[in-house]
Every structure is written in C-alpha cells, then in structure tokens.
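Here is the structure we will look at.
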C-alpha cells in the first residue's frame, strides 16, 4: 500500500513509501522547502502575441538581473555535418554586453540548479575549450560564436543592435561555415578553424542568460542581456527551406528566473 503524502498537496509533489518526488518549485526531504529556482508561472508571461503571430501562446520574454530560460536540448537536435542549422529571433535591448543564447556543456553549478527538476545526476564540466554555440552582445554588436573542438568561429555584426528597437537576427551554421544577418541585411560570413565539422553540445539551451555563467561559458560572458526576446526559432534547415515555427517558451521552458512579460 502506498504511504500517505507527508506534505500538503498544494505543493503538487507526491510521496510513495518514503520517497518523495517534488515539483520544480519545491525541494527538501518532504518537499517542504521552496526552491530558489522555480518554473515560470503563467502570470510572468506575456499574454500578447507578437506582430508576427496571432496566437495566445507565449513567444516573448523580458530578461533582467541575469535572468534566463532553460530549454531542453531536444528541441534543437544536432544536424549532419553538411546540414544547416538556423537560429532566428527578434531582440530589443540597450545592453552593450551580455549573453543572448547559449548551448554547450552542463556545469556543476547548472546541475545543482537542475536537480530539483530531474532525478538524473551527472557531474558538470567547465566550459572553457569545450564545444558550444552562442549568440551574444559585444560592444552593442551581435556576435555569433561556435566551437567545434578544433577552433572557434566568431562573427560580429557591422552595426550595433542595442538601440532599444526591435531587430531580427538570423544565424546559420553548416559544418565549419557560418553567417549572420541583421534585419535581412547583408550576410556576414565566418569559419571555425581546424578539421572538425560537428558541434558536440551536451547541455540545455539557455536564453537571455545562464546559471553558473562564467564557468559555463569559459569566461566568455559574465552577465546576461537585459531586454526582450521574441519569436525564437531553431531549425535544422536554411531560412525559408521549411515553415518557421516560433517556440512556445512557456510550454517548453524547463525552468527560469527573473523573466517578465515584454512591455511591447
């Protein structure tokens, strides 16, 4: 016979034979403690669709104070070495520096954050020198970077995007070759060094920032961006090759902190 729960049902967890499974918002032996990192409540999300979508689902989020959303790596599976991968999003920020999107290793600090969301326990890694793919801000300019194991690519936009206006960003990588476009302008190309063609990223996809940021990014970023991101699309295809579907952030978010609705 199953044991009775040892804590109030309002936490949403359950206990069977002395073993408790907690919801993301609670931790402790009997799920009696509130975790510092929680799943994102509906009230924190923008209920208005963006100009490009007429849907009630949540496609936009505002980040501040190193806020971020963690998305499962399964929503952006790695392609074959000769297949393109595309990241598209719209951004509105005044930050001159900061992380916009990151996928790489999962650090020990990030594992501690995630332990209230999953029972699987693995040792984390330091991100320095490891494979990754990222979008960030550098002196107000967009920077698209990736490391395939034998050398890093870094592609920087010619003009800044931290003017407090919406900008559409497109980043495409096929093997070692990559390019970025801002607001549909001219493509800026780059290439990683060495012979490696595949990126081996083990961790979650982080939007707006990341936990344990300095370790996870190997010192590349010390802070997340402040501002709004909307209409994030991750595709294993070139832009226009298949219909683009923006990711419902509320439905896919594993957890997040310091995320608010976008004001416009």
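Residue numbers (my numbering): 59 to 322. A virtual CB, placed ideally from N, CA and C, is assigned to each residue, including glycine. Note that this is a predicted model, so its numbers are computed, not measured.
Residues near residue i by beta carbon distance below 6 Å, same chain, minus five either side
i: residue 160; result: 192, 264 and 268
i: residue 150; result: 224, 285 and 286
Boundaries of the alpha helix (DSSP H) in which residue i is found, first to last residue
i: residue 307; result: 307-310
i: residue 211; result: From DSSP, residue 211 is part of no alpha helix (DSSP H) but of the beta strand (DSSP E) over 210-218.
i: residue 272; result: 271-274
Beta-carbon contacts of residue i that lie in its chain and below 8 Å, excluding the five residues immediately before and after
i: residue 10; result: Outside the shown range of the chain, which is 59 to 322, sits residue 10, and nothing can be said about it.
i: residue 303; result: 291
i: residue 262; result: 128, 129, 130, 131, 161, 164, 168, 172 and 312
i: residue 208; result: 250, 251, 252, 253 and 254
Exposure of residue i, with buried meaning 16 or more beta-carbon neighbours within 10 Å
i: residue 123; result: exposed
i: residue 233; result: buried
i: residue 156; result: buried
i: residue 321; result: exposed
i: residue 98; result: Here the model assigns residue 98 a pLDDT of 49, short of 50, so the residue's position is not dependable, and the following value carries that caveat. By the 10 Å Cβ count, residue 98 comes out buried.
i: residue 120; result: buried
i: residue 231; result: buried
i: residue 138; result: exposed
i: residue 308; result: buried
Bounding residues of the beta strand (DSSP E) (the contiguous stretch that carries residue i)
i: residue 147; result: 143-151
i: residue 318; result: 313-318
i: residue 235; result: 235-240
i: residue 194; result: 190-196
i: residue 228; result: 225-232
i: residue 279; result: Taken as a continuous stretch (DSSP letters only), residue 279 belongs to no beta strand (DSSP E), as it is neither H nor E.
i: residue 338; result: As shown, the chain starts at 59 and ends at 322. That puts residue 338 outside it, with no answer to give.
i: residue 264; result: 263-265
Coil, strand or helix - residue i by DSSP
i: residue 132; result: helix
i: residue 321; result: coil
i: residue 284; result: coil
i: residue 160; result: strand
i: residue 140; result: coil
i: residue 221; result: coil
i: residue 250; result: coil
i: residue 294; result: coil
i: residue 122; result: strand
i: residue 289; result: strand
i: residue 98; result: Model confidence at residue 98 stands at a pLDDT of 49, short of 50, so the residue's coordinates are unreliable and nothing is read from them.
i: residue 112; result: Confidence is the limiting factor: at residue 112 the pLDDT is only 37, short of 50, which leaves the residue's position unreliable, though a coordinate-based value still follows. Coil.
i: residue 302; result: coil
Cβ distance (whole Å) where residue i is taken to contact residue j below 8 Å
i: residue 190; j: residue 212; result: No, residue 190 and residue 212 are not in contact; Cβ-Cβ is about 12 Å, not under 8 Å.
i: residue 214; j: residue 158; result: The pair is not a contact, with the Cβ atoms about 13 Å apart (cut-off 8 Å).
i: residue 297; j: residue 146; result: 7 Å
i: residue 314; j: residue 126; result: 6 Å
i: residue 271; j: residue 280; result: 7 Å
i: residue 294; j: residue 143; result: 6 Å
Sequence-distant residues of its chain with Cβ nearer than 7 Å to residue i (five each side left out)
i: residue 260; result: 163 and 164
i: residue 222; result: 150 and 152
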